Amino acid sequence: MRFLRSFVLPSAALSLGLVVSLAPAATAAPASPHIAEAPVVQVATANPPATTYFKPFSAHGMKSSYHIYTDGIDRSKPVGVMFYFGGDYWKTSETWVHNPGGSQLKAMASEARKKNMILVVPISPDKKTTGDGITWWEDIDKNGQYFRSLKDSLVNSYGLDTTRVWLAGYSGGAEFITYEVLADQQNWIRGGGATIIGGGGANGMQTAPNAAVRGLSITWHAGSKDVVGNTNPPEWSAKSAAAQGQKVYKNAGFGRATLRTLQGVDHYGYNHPALIGHDLKAVPNVGGTTAVAQTSSLVKGAIRTSYLNTGGAAKYGQPTSAERRTGFLGGVYQGFTRGYTYYWSPQTAAAPVKWSGAIGASFKNAGYERAWGYPAHAERSASGGAYQDYRRGGVVNRAMWSPKTGVRIVKMTGGIGAAWRAAGYERNWGYPVTNEYTVARGVQQKFSNGRVATWDRSTGRVTVTRG
-8 MRFLRSFVLP
2 SAALSLGLVV
12 SLAPAATAAP
22 ASPHIAEAPV
32 VQVATANPPA
42 TTYFKPFSAH
52 GMKSSYHIYT
62 DGIDRSKPVG
72 VMFYFGGDYW
82 KTSETWVHNP
92 GGSQLKAMAS
102 EARKKNMILV
112 VPISPDKKTT
122 GDGITWWEDI
132 DKNGQYFRSL
142 KDSLVNSYGL
152 DTTRVWLAGY
162 SGGAEFITYE
172 VLADQQNWIR
182 GGGATIIGGG
192 GANGMQTAPN
202 AAVRGLSITW
212 HAGSKDVVGN
222 TNPPEWSAKS
232 AAAQGQKVYK
242 NAGFGRATLR
252 TLQGVDHYGY
262 NHPALIGHDL
272 KAVPNVGGTT
282 AVAQTSSLVK
292 GAIRTSYLNT
302 GGAAKYGQPT
312 SAERRTGFLG
322 GVYQGFTRGY
332 TYYWSPQTAA
342 APVKWSGAIG
352 ASFKNAGYER
362 AWGYPAHAER
372 SASGGAYQDY
382 RRGGVVNRAM
392 WSPKTGVRIV
402 KMTGGIGAAW
412 RAAGYERNWG
422 YPVTNEYTVA
432 RGVQQKFSNG
442 RVATWDRSTG
452 RVTVTRG
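Following this note's numbering, the numbering of the sequence shown begins with -8 at its first residue and continues without gaps.
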């Protein structure tokens, strides 16, 4: 794969600006073709080696090395892995990846260790020190083959748990993740996520991602000052690349793809260990091998991945049965003892419905998936309430709840839903106080801030009045 991407210098010193601007809530992911799930990886019993620097590795006619950090790993439990890809450089003194005993990589290893993950830092097999220097993104297909051979060797040799995989990259390394590692032959990953720092544009998917990959937690971190003129070449903006990449992934069905803006931070001011530690909070602490073995025979595929990555038995309880078919649009469901049911369909990632909540109760009363469709994600908080998106064919229904309005549906793929979204969701019009209802000219819906939205079937336009 080829793409336009220019040289970006690596970070030399770090300072962290943690004033964050979160992207607004996004609509549900578009439909994706059904992709067969990869085999479930069993709990590892092999032991990774001791911490080692500059360990040689050759594949596909390329030679390089990597560092592996294993200090403090509990080998009696599933062992995950974090891969870190550094930025571009001309001289080895310009990059952390050639200083494996330094404080930065050790700090990253410490963050990975909190989740019982080893840290692996591959060094790009690129040997060119002229032009754009040593990069991951030049010869990206070959470098992708090299990396996949390396990860296969590590996963197969040490039985690493591929439901607990984290990718982290900076600048050119970030772009290698978003253009290649997560975009092509990526379905070996069964859970985890990625930290994308100072870049991360995208062209789209080369290999269709399965439900487990679409459910990964991926965060782009872009400094507010990491813009045109801040690095080389002067016309490249890491901030713009991050926004573009996050949008591409969101549109490709990655429901947990988010963008964070770090106020006052330029291309050389990112605190990599802190950002990685922030994102790794999405990964639950690993349980013992016995608990994993108890559920692995019943909880499988995309449901298993989401279940383990978002709390496992401690949150959802144990499965009450194996997966069962719903008989509707190719979906399946599986109940759990703490009042949750997981759903999966070819159009959606695996997502739970919480029956003790108002949204779950309304979903049941409406007629389950045959009425609203399948949940696209778990319940999420909103300003003064909560929401959950459901997909039924080409229709996306957003169930909105607040203490004053109860549960109502906004049809996000309809004219009123599109206008509500464009106006700023509940922050402008408020929460829906009715579902859509038929009027002479079309359909109408009322909202809590006094707005009445009317869609005209003859013109396709939406007008908003005060009710």
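For each residue, glycine too, the CB sits at the ideal point set by N, CA and C. The model shown is predicted, which means the values in this text are computed figures rather than measured ones.
Tell me which same chain residues have a C-beta within less than 7 Å of the C-beta of residue i, skipping the five on either side of it?
i	result
I114	S55, S56, Y57 and V88
L151	A35, V70, G71, V72 and L145
V216	The amino acid occupying residue 216 in the given sequence is Lys; Val does not appear at that position. Cβ within range, chain order: G255, V256 and D257.
F138	P113 and V172
S336	L320, G321, G322 and Y365
Y298	V290, Y307 and Y333
G397	A349
Please classify residue i: is it buried, with 16 or more other beta-carbons within 10 angstroms of its beta-carbon, or exposed?
i	result
H51	exposed
F459	Since the first residue shown for the chain is -8 and the last is 458, residue 459 is missing from the structure and cannot be characterised.
A165	buried
Q176	exposed
P394	exposed
N201	buried
P338	One point to set straight first is that residue 338 is Gln, not Pro, in the sequence displayed. Label assigned to Q338: buried.
Q436	buried
F354	buried
P225	exposed
S49	exposed
R315	exposed
N221	buried
Which of helix, strand or coil does DSSP assign to residue i?
i	result
P225	coil
P264	helix
S208	strand
S162	coil
Q325	strand
L141	helix
I271	The question names Ile, yet the displayed sequence has Leu at residue 271. Residue state, collapsed to three classes: helix.
V256	coil
T249	strand
G292	helix
I125	strand
S148	helix
G408	helix
A243	coil
R361	helix
G397	strand
What residues in its chain sit with their C-beta under 6 Å from that of residue i, if we drop five residues either side in the sequence?
i	result
G135	E171
S449	none
G421	F438, S439 and N440
Going by the DSSP bridge assignment, what does residue i pair with across the sheet?
i	result
K402	N388
D447	G433
I187	G160 and W211
S372	A377
F438	P423
T454	T445
P366	Y381
Under 7 Å: does the beta carbon of residue i sit that close to some heavy atom of the ligand GDP?
i	result
G292	For the structure depicted, the ligand GDP is absent and the ligand set is empty, with no information on it obtainable.
Skipping 5 residues on each side, what residues in its chain have a beta carbon closer than 8 Å to that of residue i?
i	result
G268	E102 and K105
Within the segment 42 to 122, ranges of the beta strand (DSSP E) (whole runs, at least 3 residues): Entirely contained in the segment 42 to 122, the beta strand (DSSP E) runs reaching 3 residues are, in chain order, 43 to 50, 53 to 60, 71 to 76 and 108 to 113.
Which residue spans inside the segment 296 to 349 form an unbroken beta strand (DSSP E) run of at least 3? Here the runs fully enclosed are 323 to 327, 331 to 336 and 339 to 345.
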